[in-house]
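For reference, each letter of the sequence shown is one residue, going 39 to 230 in the numbering used here.
Yeah, the Cβ is synthetic: ideal placement off N, Cα and C, and Gly gets one too.
As the structure is a computational prediction, the values presented were derived from the model and not from experiment.
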Amino acid sequence: MYTAGWKGWSVLLLAQDAVFILGATTFLLAGEHYGTSQHPQAVSYPGPFVDTDSETRLPAYFLWYVVTAWAPPAVVIPCAGIIWLASKGQAALAAATLIPYLMVLIAQVLTEECFKRRCSPMWPQVPMVYMAYRFWQLLRSCWLSTLLPMPTWLEFLQESLVLVWVFNFGAVMTWAPWLYRWHMQPQSQKLK
39 MYTAGWKGWS VLLLAQDAVF ILGATTFLLA GEHYGTSQHP QAVSYPGPFV
89 DTDSETRLPA YFLWYVVTAW APPAVVIPCA GIIWLASKGQ AALAAATLIP
139 YLMVLIAQVL TEECFKRRCS PMWPQVPMVY MAYRFWQLLR SCWLSTLLPM
189 PTWLEFLQES LVLVWVFNFG AVMTWAPWLY RWHMQPQSQK LK
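Below you can see the structure in the form of structure tokens.
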């Protein structure tokens with residue numbers, strides 16, 4: 039029932055997501071190259087949450103947030119959904135909805151880690167770029183549910199993931215001062 043309509047969509051959407059990953063990585067690398075080549079004497083970005091003593095200090099709630107509020111709804115439940123769909127013979131449906139979502143999420147984590155290890159000034163931009171696209175991905179899956187048959191639980195999961203990522207985007211925005219090390223910037227002459 040689900041297989042016929044979803045097969046074509048799954049290939050198209052996976053290709054679209056691959057193009058996004060390549061494009062996003064290219065532009066992030068271009069931004070890094072431009073920034074470092076235009077300002078070669080600038081101090082390199084030491085990474086997120088680094089304080090004046092060069093120690094990394096995550097916000098107190100960060101680990102709790104990742105383990106309880108982020109990982110279960112953003113990773114564990116979609117993985118369980120893929121397994122469930124595959125066991126019911128609906129792998130094409132999983133390939134059009136949850137697999138592209140997880141593919142881009144994995145690409146984001148890998149990209150963040152690569153940029154962080156390189157002490158890239160573009161590191162704080164990686165989550166912003168990928169989260170904007172993730173909203174598109176999830177809303178695209180919600181839209182597909184109006185065109186082709188999708189189990190109600192999967193529609194609910196897609197809608198719930200939108201809410202999870204809206205919350206996550208807000209959390210990342212609250213971390214922006216630490217990510218950009220604003221507390222370590224010199225006072226502006228205008229403020230004195």
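Going by alpha carbons, who is nearest to G46 out of W216, V142 and L131?
-> Sequence index remark: in the sequence shown, residue 46 carries index 8 (1-based). Distances from the alpha-carbon of G46 to those of W216, V142 and L131 put L131 closest.
Nearest to L143 (by Cα), restricted to the options L185, Q128 and W203 = Residue numbering aside, residue 143 sits at position 105 when the sequence shown is read from its first letter. Looking at the Cα atoms, W203 is the closest of the given residues.
Is it the case that the Cβ atoms of Y139 and L176 are separated by a distance below 9 angstroms?
-> The residue you call residue 139 lines up with position 101 of the sequence shown. The residue you call residue 176 lines up with position 138 of the sequence shown. Yes, they are a contact pair.
S92 versus Y83: straight-line alpha-carbon distance, rounded = In the sequence shown, counting from the first residue as 1, residue 92 sits at position 54. In the sequence shown, counting from the first residue as 1, residue 83 sits at position 45. Answer to the nearest angstrom: the Cα atoms are 11 angstroms apart.
Buried or exposed: where does R172 fall if 16 or more other Cβ atoms within 10 Å of its Cβ makes it buried?
-> As a first step, residue 172 must be located in the sequence shown, where it is residue number 134. Of the other Cβ atoms in all chains shown, 16 or more fall within 10 Å of the Cβ of R172; this residue is therefore buried.
When the Cβ atoms of the segment 58-71 are set against those of the segment 149-160, are three or more pairs found closer than 8 angstroms?
-> Taking one beta carbon from each stretch, the segment 58-71 and the segment 149-160 have 3 or more pairs nearer than 8 angstroms; the two touch.
CA-to-CA distance, Q76 to P110, given in whole angstroms = Along the sequence shown, read from residue 1 onward, the residue named residue 110 stands at position 72. Along the sequence shown, read from residue 1 onward, the residue named residue 76 stands at position 38. It is roughly 42 angstroms from the alpha-carbon of P110 to the alpha-carbon of Q76.
For M188, count neighbouring C-beta atoms within 10 Å of its own C-beta (all shown protein chains included) and say buried if the count is 16 or more, exposed if not.
-> Looking up residue 188 in the sequence shown gives position 150. Around the C-beta of M188, 16 or more other C-beta atoms lie within 10 Å, and the residue is accordingly described as buried.
Round the Cβ separation of L136 and A129 to the nearest angstrom and send it over; I've been treating them as touching at under 8 angstroms.
-> In the sequence shown, counting from the first residue as 1, residue 136 sits at position 98. In the sequence shown, counting from the first residue as 1, residue 129 sits at position 91. In this structure L136 is not in contact with A129, their Cβ atoms being roughly 11 angstroms apart against a cut-off of 8 angstroms.
Hey, would you say A133 sits closer than 9 angstroms to W191, going by beta carbons?
-> Mapped onto the sequence shown, residue 133 falls at position 95. Mapped onto the sequence shown, residue 191 falls at position 153. The answer is no: Cβ separation not under 9 angstroms.
What residue does the alpha helix (DSSP H) around R178 start on, and which one ends it?
-> The residue you call residue 178 lines up with position 140 of the sequence shown. Run containing R178: Q163 to L185, per the alpha helix (DSSP H) assignment.
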